[in-house]
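Numbering (my numbering), first residue to last: 202 to 524.
Worksheet: one structure, shown below.
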Ligand code: PBG
């Protein structure tokens, strides 16, 4: 009687290690941070729905990132919470805006850290949408210039990668043109190319104080039901000059990640978003699942599906676990 003896290669930890196909490494992980424009630069405010994550004043951000860098942090992505919001989101491209100051402070302290910036308007507009509005409509083309200004201001502050997350059509091209025109031909764009209109962003909108004041984001973010559309979005961003693509959220869209892995050669990122973090945290805090096991399992699954990079709020924890 012969049959497949899969257990032969699972007998010891060493054997399992030898035949392991996928590994999560510190080089692949990007920690998101929320930095607040506030006079008290030592400000720390826990984010209710994201236990372990905080809104941070500038000093606290630099301190916290420093500890993570000591543990091997390779990259972070910054989200800013401005002092004032307006209809156009003008704090988004202010030379002394909070993200701009945070980028220069981090690069000064940790020159080797890859500092990525999220390029969007929703944290800076009083209506909470990712573009200019007219009545209840989010305007596409007039928003492009503003997004280009945001990206350029991040580039001038010293960002290593800019990551547009707004989902306006044509924004990657507009940003690429603006960067190239000002001497930033070397600066990569990681586009949130395949970003679904997801319920999993809920906790983020508390963290970034950016919920839309009316309506939702379904006229610009993708319908979760669509797969083929992901190819069109990805191709459009590549045609406009994106250097890397992102799929967001991660876990409910692993099929899309796998599809893109098989059809494009550029580096792919996946964003394990705030709601994915909150779910794991909530279950772990209740003692219903083991946090470390589940986190590493999800990250392994995301890599196995085809991601090269993962944006995850668990990055700092994973760095400790990998030690
Ligand atoms: C900004 C932006 C959002 C996220 C990243 N960039 C929110 C949104 O689109 O509503 C979500 C990240 C997360 O949930 O962790 N547009």
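Glycine included, every Cβ here is placed at the ideal spot set by N, Cα and C.
- Per the coordinates, the alpha-carbon of residue 410 lies some 10 Å from the alpha-carbon of residue 256.
- In this structure, residue 469 and residue 437 do not form a Cβ contact; the two beta carbons are roughly 16 Å apart against a cut-off of 8 Å.
- At a Cβ-Cβ threshold of 9 Å, residue 242 and residue 258 count as neighbours.
- Partner residues in the beta bridge of residue 276, as assigned by DSSP, are 231 and 315.
- Distance from the C-beta of residue 453 to the nearest heavy atom of ligand 1 is not below 8 Å.
- In this structure, the C-beta of residue 324 approaches ligand 1 to less than 8 Å from one of its heavy atoms.
- The straight-line gap separating the alpha-carbon atoms of residue 512 and residue 278 is approximately 8 Å.
- Cβ contact annotation for residue 413 (same chain, cutoff 6 Å, sequence separation greater than five): 329 and 330, in chain order.
- By the neighbour-count criterion, in which 16 or more other beta carbons inside 10 Å mark a residue as buried, residue 486 falls on the exposed side.
- A check of alpha carbon separations from residue 471 across 202, 231 and 520 identifies 231 as the nearest.
- Excluding sequence positions up to five before and after residue 302, its CB lies within less than 7 Å of the CB of 259, all in the same chain and listed in chain order.
- Annotation: residue 371 to residue 443 spans about 11 Å, alpha carbon to alpha carbon.
- Residue 254 counts as buried, since no fewer than 16 other beta carbons sit within 10 angstroms of its beta carbon.
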